[in-house]
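Chemist:
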Amino acid sequence: MNPLLIELQYLPPISCYRSLWECKNVFFEKQEHYQKGSYRNRCHIASAQGVLRLSIPLQKGKNEQLPITKVRMATESPWRKLHWNAIRTCYGSAPFFEHYAPHFEKIYLQQEEEYLFDWNLALFRLTLQLLKISDQTPVHFTETYQKPLENEVFTDRRNKINPKTSASKTSDENSALKYPQLFEETTGFLPDLSIIDALFCCGPRAIDLIR
Numbered sequence: 001m002n003p004l005l006i007e008l009q010y011l012p013p014i015s016c017y018r019s020l021w022e023c024k025n026v027f028f029e030k031q032e033h034y035q036k037g038s039y040r041n042r043c044h045i046a047s048a049q050g051v052l053r054l055s056i057p058l059q060k061g062k063n064e065q066l067p068i069t070k071v072r073m074a075t076e077s078p079w080r081k082l083h084w085n086a087i088r089t090c091y092g093s094a095p096f097f098e099h100y101a102p103h104f105e106k107i108y109l110q111q112e113e114e115y116l117f118d119w120n121l122a123l124f125r126l127t128l129q130l131l132k133i134s135d136q137t138p139v140h141f142t143e144t145y146q147k148p149l150e151n152e153v154f155t156d157r158r159n160k161i162n163p164k165t166s167a168s169k170t171s172d173e174n175s176a177l178k179y180p181q182l183f184e185e186t187t188g189f190l191p192d193l194s195i196i197d198a199l200f201c202c203g204p205r206a207i208d209l210i211r
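Numbering (our numbering), first residue to last: 1 to 211.
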C-alpha cells in the first residue's frame, strides 16, 4: 500500500493509528494551512460524563491563513496544566495510568514548544514509542503541497479522520474497536477516542486495537 498522507493531529484517535498501521509509512502534510474544526488542535478523551474535548487555544489572529508550521499556541492561558489535570482526573484510576503518565506529564509540564505542529509531533512520537512501533513506522514530511485527488503516490487521508467522522462510525466499526473503557458502565462505549484512552485502559494490549 502507498504511504499514508495525513495532517498532524493532537493525540490522534485510534482510527488514525489503524490507518498508519495499514500503510506502514506516514507522511505528515507540512505545507498546508491550518483548518478549524479538526483534530489538529483538539482531542477527545473519556470522562465520567462522556466525551471530554480538549482544545488547544491558539494565539489570536487569522490562523486559517497561516501555514500549519507557523501556528502558535496561546501563551496567556495555562492550558497545558489544565489539559494534564483533566487527563489525570479522567484516567487516574485507569489500569495503566501510573505506567504511562510520567512520559506525558514530562511533555505537558516541562516541554515548551511554541508551535502547534512541534507540540503535536512530540506527542505523536511518544505514542509510537509507547506502542512500541516507532522503529517500524517511519515518519516523513511533505516538501510540497499535495493537491487532493491529483497524486498516485500516497494513500491520501487528509481531513478524512475528524470529529464528525469519528462520531458517525457504524455499530460494526465500533464493535471492531471495542475494549474495556474506564466509565463504560455509565457512559456506554465511546468510539474512536484519543489513543491515550487505549493506552491507559489496555496498556501493551493497545497495539492489538490498531493492527
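In this text, a Cβ means the ideal position worked out from N, Cα and C, and glycines have one as well.
Please tell me whether Asn162 has its Cβ less than 8 Å away from any Cβ of chain D.
Modeler: Checking the listed chains, one finds no chain D in this structure; it contains a single protein chain.
Chemist: Short of 6 Å in beta carbon distance, which residues of its chain neighbour Val139, apart from the five on each side in sequence? Order them along the chain.
Modeler: Excluding sequence neighbours, Val139 sits near Val26.
Chemist: Rounding to the nearest angstrom, what Cα-Cα distance links Ser93 and Leu66 in this structure?
Modeler: Approximately 40 Å, taken between the alpha carbons.
Chemist: Would Tyr34 and Pro13 qualify as a contact pair, given that the criterion is a beta-carbon distance under 8 Å?
Modeler: Not in contact: Tyr34 and Pro13 (Cβ atoms no closer than 8 Å).
Chemist: Can you tell me which residues form a DSSP beta bridge with Val153?
Modeler: According to DSSP, which records beta bridges pairwise, Val153 is partnered with nothing at all.
Chemist: Along the chain, where does the alpha helix (DSSP H) containing Phe97 start, and where does it finish?
Modeler: Taken as a continuous stretch (DSSP letters only), the alpha helix (DSSP H) holding Phe97 covers Phe97 to Gln110.
Chemist: Contact between the stretch 81 to 97 and the stretch 199 to 206: three or more CB pairs below 8 Å?
Modeler: Contact between the stretch 81 to 97 and the stretch 199 to 206 is present, because at least three Cβ pairs lie under 8 Å.
Chemist: When the Cα atoms are used, what is the spatial distance from Ile56 to His44?
Modeler: Rounded to whole angstroms, Ile56 to His44 spans 12 Å at the Cα level.
Chemist: When the Cα of Gly188 is compared with those of Gly61, Glu76, Leu130 and Ala48, which residue comes out closest?
Modeler: The option with the nearest alpha carbon to Gly188 is Ala48.
Chemist: Do Ala101 and Glu113 count as a contact pair if the criterion is CB distance below 8 Å?
Modeler: Contact: no.
Chemist: Under three-state DSSP, which class holds Pro78?
Modeler: Three-state DSSP puts Pro78 in coil, outside helix and strand.
Chemist: If you follow the alpha helix (DSSP H) that Ala198 is in, where does it begin and where does it stop?
Modeler: Looking at the DSSP string, the run of the alpha helix (DSSP H) that includes Ala198 is Ile195 to Cys202.
Chemist: Buried or exposed for Leu109, please, with buried defined as at least 16 other CB atoms from any protein chain shown within 10 angstroms of its CB.
Modeler: Under this definition Leu109 is an exposed residue.
Chemist: Which first and last residues belong to the alpha helix (DSSP H) in which Ala46 is found?
Modeler: Run containing Ala46: none in the alpha helix (DSSP H); it sits in the beta strand (DSSP E), Arg42 to Ser47.
Chemist: Note the first and the last residue of the continuous alpha helix (DSSP H) segment covering Phe27.
Modeler: Note, Phe27: premise wrong, no alpha helix (DSSP H); beta strand (DSSP E) at Val26 to Phe28.
Chemist: Cβ atoms of Glu29 and Met1: under 8 Å apart, would you say?
Modeler: No, these two residues do not count as a Cβ contact at 8 Å.
Chemist: Apply the 10 Å Cβ neighbour rule to Ser171 and answer buried if 16 or more other Cβ atoms are within range, or exposed otherwise.
Modeler: Below a pLDDT of 50, predicted positions are generally treated as unreliable, and Ser171, at 49, falls in that range; the measurement from the model is reported next regardless. Counting Cβ neighbours within 10 Å, Ser171 comes out exposed, since fewer than 16 surround it.
Chemist: Can you check which of these residues, Trp119, Met73, Glu105 and Glu76, is closest to Ala86 by C-alpha distance?
Modeler: Answer by Cα proximity: Glu105.
Chemist: Rounded to a whole number of angstroms, what is the C-alpha to C-alpha distance between Asp197 and Thr144?
Modeler: In a straight line, the C-alpha of Asp197 is about 34 Å away from that of Thr144.
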